[in-house]
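Peer 1:
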Amino acid sequence: MDANIKYRVGKSKFVQGLIVFLAFLITVPLLFIIIYIFKEGISRINWTFLTHIPKPVGETGGGIVNALVGSILIVLAASVIAIPIGVMCGIYLSENATGRLSYWSRLSVDVLQGVPSIVIGIVVYFWLVKPLGTFSGLSGSAALAIMMLPIMIRSTEETLKLIPFSLKEAGLALGLPYHRVILKVIVPCGVSGILSGVMLSIARIAGETAPLLFTAFGNPYLNTNLTKPMQSLPLLIFNYATSPYDDWHDLAWGAALILLFTVLLLNIITKLTTRRWNVQL
Amino acid sequence: METTLAITKANKVSNGKIRAESIFKRSLVVIGMSMVVLVLGVLLTLIIESIPSIKSLGLKYLWGRTWDPINNVYGAFPFLLGTLLTSFLALIISIPFSFAIAIYLGEYNPKGWLSNFLKNAVELIAAVPSVIYGFWGLLVLVPLVRSLETKLGVLPYGIGIFTASLILAIMIIPYAASLGREMIRLVPSPLKEGAYSLGATRYEVIRSVVLPYTKSGLFAGILLSLGRALGETMAVTMVIGNTSMIPTSIFAPGNTMASVIANEFTEADHTVYLSALIELGLVLFLVTVVINMIGKRIIKKFTNE
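Protein sequence lines correspond, in order, to chains A and B.
Once you know that position 144 of the first sequence is 144 in our numbering, the rest is easy, because the numbers rise by one and skip nothing.
Whatever position you read off the second sequence (first residue = 1), add 1000 for our numbering.
1) Just to confirm my understanding: we take Thr1288/B, look at its own chain, exclude 5 residues before and 5 after, and list those with CB closer than 8 Å. What are they?
2) Use the C-beta contact count for Glu1049/B: other C-beta atoms within 10 angstroms, 16 or more gives buried, fewer gives exposed.
3) Can you tell me where the alpha helix (DSSP H) holding Val9/A begins and where it ends?
4) Since I believe Ile237/A is in contact with Leu259/A (beta carbons under 8 Å), could you give me their beta-carbon distance rounded to a whole number of angstroms?
5) So who's on the other strand from Pro282/A, going by DSSP bridges?
6) Would Gly1180/B and Ile1103/B be called neighbours here (beta carbons separated by less than 9 Å)?
7) Using the DSSP secondary-structure output, state which residues sit across from Tyr1074/B in a beta bridge.
8) At 8 Å on the CB atoms, spell out the chain B contacts of Asp110/A, in chain order.
9) Below 8 Å on the Cβ atoms is my guess for Ala1258/B versus Met1171/B; work out the distance and round it to an integer in Å.
10) Under DSSP, the alpha helix (DSSP H) around Ala210/A begins and ends at which residues?
11) With distance defined between alpha-carbon atoms, name the residue in Met1033/B, Ser1094/B, Gly1137/B and Pro1143/B nearest to Val1122/B.
12) Whose C-alpha, out of Met147/A, Gly41/A and Gly10/A, is nearest the C-alpha of Ser79/A?
13) What does the alpha-carbon distance come out to for the pair Thr134/A and Leu1038/B?
14) Which one or two residues does DSSP pair with Phe1285/B in a beta bridge?
15) Considering only C-alpha positions, which residue in the set Gly1217/B, Thr1201/B and Thr1243/B is nearest to Val1303/B?
16) Compare the Cα-Cα distances from Leu233/A to each of Ile268/A, Leu138/A, Glu158/A and Ile64/A and report the closest residue.
17) Anything in chain A within Cβ reach of Ala1121/B, meaning under 9 Å, just list it in chain order.
18) Along chain B, in chain order, which residues have C-beta atoms closer than 7 Å to that of Lys55/A?
19) CB-CB under 7 Å to Leu174/A, same chain, minus the five flanking residues each way: which ones, in chain order?
20) Three-state secondary structure (DSSP) at Gly1241/B?
21) From what residue to what residue does the alpha helix (DSSP H) around Gly1199/B run?
22) So, for Val109/A: in the same chain, excluding its five sequence neighbours on each side, which residues have a beta-carbon less than 6 Å away from its beta-carbon?
23) Would you be able to state if there are at least three C-beta pairs under 8 Å between the stretch 168 to 185 of chain A and the stretch 49 to 62 of chain A?
24) Within 10 angstroms of the Cβ of Phe14/A, are there 16 or more other Cβ atoms? Answer buried if so, exposed if not.
25) Suppose only complete runs of 4+ residues qualify. What are the alpha helix (DSSP H) ranges in the stretch 198 to 249 of chain A, listed by chain order?
26) Give me the chain A residues within the contact set of Val1131/B, using Cβ-Cβ distance strictly less than 7 Å, ordered along the chain.
27) Report the CB separation of Val185/A from Ile83/A in whole angstroms; it is logged as a contact under 8 Å.
28) Taking 9 Å as the threshold (beta carbon to beta carbon), is Phe217/A in contact with chain B?
29) Run through DSSP, which three-state label would Gly175/A get?
30) On the criterion of 16 or more Cβ atoms from any shown chain inside 10 Å, does Lys1151/B qualify as buried, or is it exposed?
31) Whole angstroms are fine: how far does the CA of Leu1138/B sit from the CA of Tyr1157/B?
32) For the pair the stretch 240 to 256 of chain A and the stretch 1129 to 1145 of chain B, tell me if three or more CB-CB distances fall below 8 Å.
33) Compare the C-beta of Pro244/A against all C-beta atoms of chain B and say whether one is closer than 9 Å.
34) Name the DSSP beta bridge partners of Gly1254/B, please?
35) Checking 9 Å against the spacing of the C-beta atoms, do Glu122/A and Phe1265/B come in under that value?
36) Express the C-alpha separation of Leu264/A and Leu1124/B in angstroms, rounding to a whole number.
And the structure:
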């Protein structure tokens, strides 16, 4: 009897140890990747790297300013497209919890969230690139905006649902029109949740490559015109990492470090700020 | 006179207000509708653009075993097989880890700095861009796999299905793990307390109370991970080797549906070639949508109970 209990307790302890071990093993590749990219990338980053365009193969030096500027512009344009639509759609879904249209709308958002990014690239190619006759930064932004929408809509909807109904009733009882109640009372109350959705969706699309392959396409020169092909950090990493040239690998390492730390920083900032706001609310 | 003026003025103001209100309401409806239009548009675009390939190749496209654009022969079987192999291999590798994380965070240690640390680490794993996984895999994992293959006595490509599955496994762990954690937290504590009071050990409680209770939720987590793995493009493209041959073993190079689109879309120079690639995209879209929908249905059912 005693032996049996010892066996069962021992087994329980053993399984617990195994689960703790397996669970924490996930931190190994994460740390490995972060440290490796940091080690390889940090020595490549200097002022020239940040302010020059890539040199042709065979010449050392050069930088990635075209990708930096391109990434920033593409992501900014994507946010300008996606934020108003995302917030409005989130408002619609939270205001209309039931109903046929909101059911289908919600279903579509779910579908959109699962669509592989490469498929979005194909579709935007036929919507924007082919009719306009040229690859362009703007079509890249459109593809990324489509990827931002589901995250933003979801976070806006979930945040606004949590706001007490009495706030809305109080506004309406004072005779405020519906749109002012929504825009001046409900949305400001949920601004922290909406902002965290915005930041998370930016963090997610900043590293996307697949939708940009057939839309922004890439550009070895500095370009600030959104209607022309544009380079971006993930595209540059993909193209240079798969090239056989060591000089280009160097540029890719530096770019990878910048991209990785931007994305991780965005995630961490989002987490810290939302935590603080949640306490205040 | 003055009162009527005041009334008409008031009417004007409220008319303006009412107009603004109805414009606002209408634009909300339009935007809600635009999501449906967007998804239908994606589906229709994919279908219309793949019509040339559906017409000229028909159903045998799906199990044609050769993909040879130069001779205008298109069979998607190597890519379907490549996608299934990488995704399921990645799933098998990732399940022990994601379940361990889910059980640890949901049951053993739901709060405290250590579980916070692990939770954040898992979220960061999901945040790392896939192109960075691909780059890292190409320069770190590929040599490792190559030396493993030399030891095993198979052709040391380094790149291939196995390497792609390893990278994919790391990338999809967070999806099943965080969902599993939510589900395990939903297990009512009276159930667990009942088992403890009968003298069950912690392991026995997990095995015979927690896991059976959360079975469907954990399954949904696996489905969502699978949906991710099927559509993942960049990391796989960079390490899978990109050949259109049918892979002969899990160490052989291959191609997935997403990676062949990424590689060949801008090179496709005639209609059938391009449209064959888009048909791959259509298949990918339908499969991932169905898998995601089933997963979400299960979660909804589970959390409503």
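By construction, the Cβ of each residue, glycine as well, lies at the ideal position given by its N, Cα and C atoms.
Peer 2: In brief:
1) In the second sequence, the residue the question calls residue 1288/B occupies position 288. When the five nearest sequence neighbours on each side are left out, the beta carbons in the same chain lying within less than 8 Å of the beta carbon of Thr1288/B are those of Gly1227, Leu1230 and Gly1231, in order along the chain.
2) For this step, residue 1049/B is matched to residue 49 along the second sequence. Per the 10 Å Cβ criterion, buried.
3) The count along the first sequence starts at 1 and reaches residue 9/A at position 9. Taken as a continuous stretch (DSSP letters only), the alpha helix (DSSP H) holding Val9/A covers Asp2 to Leu25.
4) Taking the first residue of the first sequence as position 1, residue 259/A is located at position 259. Taking the first residue of the first sequence as position 1, residue 237/A is located at position 237. About 7 Å separates the Cβ atoms of Leu259/A and Ile237/A, confirming a contact at the 8 Å cut-off.
5) Residue numbering for chain A in the displayed model covers 1 to 281; residue 282/A lies beyond these limits and cannot be assessed.
6) In the second sequence, counting from the first residue as 1, residue 1180/B sits at position 180. In the second sequence, counting from the first residue as 1, residue 1103/B sits at position 103. Yes; because the gap between Cβ atoms is below 9 Å, this pair is in contact.
7) To locate residue 1074/B, count along the second sequence from 1; it is residue 74. Tyr1074/B is bridged to Trp1067/B.
8) Position 110 of the first sequence, counted from the start, is the residue given in the question as residue 110/A. In chain order: Asn1292, Met1293 and Lys1296.
9) For the purposes of this step, residue 1258/B is taken as the residue at position 258 of the second sequence. For the purposes of this step, residue 1171/B is taken as the residue at position 171 of the second sequence. Not confirmed; about 13 Å, so no contact.
10) Counted from its first residue, the first sequence places residue 210/A at position 210. Neither: Ala210/A is in no alpha helix (DSSP H) and is coded neither H nor E.
11) What you label residue 1122/B is simply residue 122 of the second sequence in a count that begins at 1. Out of Met1033/B, Ser1094/B, Gly1137/B and Pro1143/B, Ser1094/B has the C-alpha closest to the C-alpha of Val1122/B.
12) As a first step, residue 79/A is located in the first sequence; it is residue number 79 there, counting from the start. When C-alpha distances from Ser79/A are compared across Met147/A, Gly41/A and Gly10/A, the shortest belongs to Met147/A.
13) Stepping through the first sequence from its first residue, residue 134/A is reached at position 134. Stepping through the second sequence from its first residue, residue 1038/B is reached at position 38. Within the model, the alpha-carbon separation for Thr134/A versus Leu1038/B is close to 22 Å.
14) On the second sequence, position 285 is the one that residue 1285/B refers to. Partner(s): none; Phe1285/B has no beta bridge.
15) Indexing the second sequence from 1 puts residue 1303/B at position 303. Position check: residue 1303/B holds Thr in this sequence, whereas Val was assumed. Nearest C-alpha to Thr1303/B: Gly1217/B.
16) As a working mapping, residue 233/A is identified with position 233 in the first sequence. Of the candidates Ile268/A, Leu138/A, Glu158/A and Ile64/A, the residue whose Cα lies closest to the Cα of Leu233/A is Ile64/A.
17) Taking the second sequence and counting its residues from 1, the one referred to as residue 1121/B is at position 121. Under the 9 Å cutoff, chain A gives Phe24, Ile26, Thr27, Leu30 and Leu31.
18) Indexing the first sequence from 1 puts residue 55/A at position 55. Here the premise fails: no neighbours, minimum Cβ distance about 20 Å.
19) Sequence index remark: in the first sequence, residue 174/A carries index 174 (1-based). Once the five neighbours on either side are set aside, Leu174/A has no close Cβ partner at all.
20) Taking the second sequence and counting its residues from 1, one reaches residue 1241/B at position 241. Here Gly1241/B sits in strand by DSSP.
21) As a working mapping, residue 1199/B is identified with position 199 in the second sequence. That residue, Gly1199/B, is in no alpha helix (DSSP H); it is neither H nor E in DSSP.
22) In the first sequence, residue 109/A corresponds to position 109, counting from 1. Exclusion of the five residues before and after Val109/A leaves Pro150 and Ile153 as the residues of its chain whose Cβ lies within less than 6 Å of its Cβ.
23) No contact exists between the stretch 49 to 62 of chain A and the stretch 168 to 185 of chain A.
24) As a first step, residue 14/A is located in the first sequence; it is residue number 14 there, counting from the start. Counting the other CB atoms within 10 Å of its CB gives Phe14/A a total below 16, which places it among the exposed residues.
25) Here the runs fully enclosed are 233 to 241.
26) Mapped onto the second sequence, residue 1131/B falls at position 131. Those are Gly207, Thr209, Pro234, Ile237 and Phe238, listed as they occur along chain A.
27) Numbered from 1 along the first sequence, position 185 holds the residue referred to as residue 185/A. Numbered from 1 along the first sequence, position 83 holds the residue referred to as residue 83/A. The distance from the Cβ of Val185/A to that of Ile83/A is about 20 Å, inconsistent with a contact at the 8 Å cut-off.
28) Against the first sequence, residue 217/A aligns to sequence position 217. Chain B, which has a Cβ nearer than 9 Å to the Cβ of Phe217/A, makes this yes.
29) Counting from 1 along the first sequence, the entry for residue 175/A is found at position 175. Three-state DSSP puts Gly175/A in coil, outside helix and strand.
30) Here the question's residue 1151/B lines up with position 151 in the second sequence. With fewer than 16 Cβ atoms within 10 Å of its Cβ, Lys1151/B is classed as exposed.
31) As a working mapping, residue 1157/B is identified with position 157 in the second sequence. As a working mapping, residue 1138/B is identified with position 138 in the second sequence. Going by the C-alpha atoms only, they are around 12 Å apart.
32) In short, these stretches touch, since the Cβ pair count reaches three.
33) As a working mapping, residue 244/A is identified with position 244 in the first sequence. Closer than 9 Å: no.
34) Here residue 1254/B corresponds to residue number 254 of the second sequence, with the count starting at 1. Beta-bridge pairing links Gly1254/B to Gly1241/B.
35) For the purposes of this step, residue 122/A is taken as the residue at position 122 of the first sequence. For the purposes of this step, residue 1265/B is taken as the residue at position 265 of the second sequence. In the sequence as displayed, the identity of residue 122/A is Ile instead of Glu. Yes; because the gap between Cβ atoms is below 9 Å, this pair is in contact.
36) Position 124 of the second sequence, counted from the start, is the residue given in the question as residue 1124/B. Position 264 of the first sequence, counted from the start, is the residue given in the question as residue 264/A. Cα to Cα, the separation comes out at about 7 Å.
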